[in-house]
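Asks:
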Amino acid sequence: MNSWVYVGLFLIVGMIIPVGAIVAAWVLNPKKPNPIKQTTYECGIETVGDTWVQFKAQYYIFALVFLIFDVETVFLFPWAVKLGQLGMFAVIEGIIFILILVVGLVYTWRKGMLEWV
Numbered sequence: 008m009n010s011w012v013y014v015g016l017f018l019i020v021g022m023i024i025p026v027g028a029i030v031a032a033w034v035l036n037p038k039k040p041n042p043i044k045q046t047t048y049e050c051g052i053e054t055v056g057d058t059w060v061q062f063k064a065q066y067y068i069f070a071l072v073f074l075i076f077d078v079e080t081v082f083l084f085p086w087a088v089k090l091g092q093l094g095m096f097a098v099i100e101g102i103i104f105i106l107i108l109v110v111g112l113v114y115t116w117r118k119g120m121l122e123w124v
């Protein structure tokens, strides 16, 4: 069998499963509208005041910076474990990678994006 047949089969099955789950949930869900179901539910506590609060974009940038440095750890840990076996070229690559991240951190710090106020 051609290897592209497997790729096509994988794509078809990869589309059928989520679409099938969405269609099954839509068909099988109980259709009993109720005004209580339309209210905002937040951690089991009745909401006080306006429930639609606009978040500052600064929170998203803070979370994005956290995510970048969290993923950095995933890349640096295996590099640090095998550092003795990789040679000088890998050390230079790692230092360049860390320097790029430090430049990004300094940029976000100077722009005031890490201030929580």
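Our numbering puts the first residue of the sequence shown at 8, with every later residue one more than the last. Positions of the beta carbon are idealized from the N, C-alpha and C atoms, including for glycine.
(1) Mind checking if Ile-103 is an interface residue toward chain B, Cβ cutoff 9 Å exclusive?
(2) Have a look at Val-12, Val-26, Phe-69 and flag the residue whose alpha-carbon is nearest the alpha-carbon of Leu-112.
(3) Whole angstroms is fine: what's the gap from Pro-40's alpha carbon to Tyr-66's?
(4) What would DSSP say about Met-120, mapped onto helix, strand or coil?
(5) Inspect the beta-carbon positions of Leu-106 and Ala-97 and report whether they are closer than 9 Å.
(6) Nearest-angstrom Cα distance between Ile-29 and Leu-93?
Replies: Taking the structure as given:
(1) As a matter of chain content, chain B is missing from the structure shown, which is built from one protein chain.
(2) Phe-69
(3) 35 Å
(4) coil
(5) no
(6) 47 Å
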